[in-house]
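Chains as they are written, first to last, in this note's numbering: chain A, 43 to 150; chain B, 43 to 150.
Glycine residues also receive a C-beta, built at the ideal position from the N, C-alpha and C atoms.
These numbers were taken from a predicted model, which means no experiment stands behind them.
Working notes, structure below.
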DNA sequence: GATAGGATCTCCAGGTACTGGAGGTTCAAG
DNA sequence: CTTGAACCTCCAGTACCTGGAGATCCTATC
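Below is the structure:
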């Protein structure tokens, strides 16, 4: 990785996500609260970047936040047999998205 | 066409759009108010179906309603030289969607 | 023609996922 | 040590629906 720590602004730039949205994800428990500087500024690490990237991509897929929360919970327990379930869910959604895209392209 | 007129429920089925959403589109002026039966039920025709189909597809593309409203306004004036503008907007958006899809598929 | 039950009506509250702004504080470059 | 961008909290507002209550209408069947 090319960084030791990120400010919220840098994280926002790297994930194409607004600063307020990051704070909101934290408020609703989708992102863990990061460390803070003595002054109170948020300090993020590589794991936050990975997690937020996941959230953003899942949102682009059309997953509601509750579904993303569930997927993240599964991912947090790698010894979990329901990883297959998660994969199945994601694949199903991908199929939906692809079907939709086909319809859209057919329209043009 | 295979119908003379549609109830709101039939229109909803054909456009995969909830009944309430149709009424809401009418309330905000995205769909013209349809004729009514003497009892007050809405009666739709082929043009409504076409228009709502357009709205739904545009929504799937990710257009905000205001953009759709503008595109519909352009479509309502076929003698308008800005049809090219509309086409350009739509193409740009399509490109965005395709780029997004590529990123998403790369992730899998 | 009576009736039953499914579809529709209006109105309004609630939900999701942000987004923007006010008013104040912190940080880093010079 | 100053200055200006970036950050902080809190809260109100937006976009786009979604669901429910309570009443009315429509149509198929008896």
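Name the DSSP bridge partner or partners of residue i?
i: residue 48 (chain B); result: B:86
i: residue 77 (chain B); result: B:85
Beta-carbon separation of residue i and residue j under 8 Å?
i: residue 117 (chain A); j: residue 110 (chain A); result: no
For residue i, which residues of its own chain have a beta-carbon under 7 Å away from its beta-carbon, when the five flanking residues on both sides are left out?
i: residue 47 (chain A); result: 85, 86, 87
i: residue 54 (chain B); result: 60, 61, 64
i: residue 51 (chain A); result: 61
i: residue 138 (chain B); result: none
Among the residues of its own chain, which have a CB less than 8 Å from the CB of residue i, if the five just before and after it don't count?
i: residue 71 (chain A); result: 111
i: residue 78 (chain A); result: 84, 85
i: residue 114 (chain A); result: 72, 93, 96, 97
i: residue 45 (chain B); result: 52, 88
Report, in whole angstroms, the separation of the C-beta atoms of residue i and residue j, which I expect to be a contact under 8 Å.
i: residue 76 (chain A); j: residue 90 (chain A); result: 6 Å
i: residue 73 (chain B); j: residue 93 (chain B); result: 6 Å
Report all residues from its chain with a CB closer than 6 Å to the CB of residue i; omit the five preceding and five following residues, and keep chain order.
i: residue 133 (chain A); result: none
i: residue 57 (chain B); result: 94, 95, 98
i: residue 67 (chain B); result: 73
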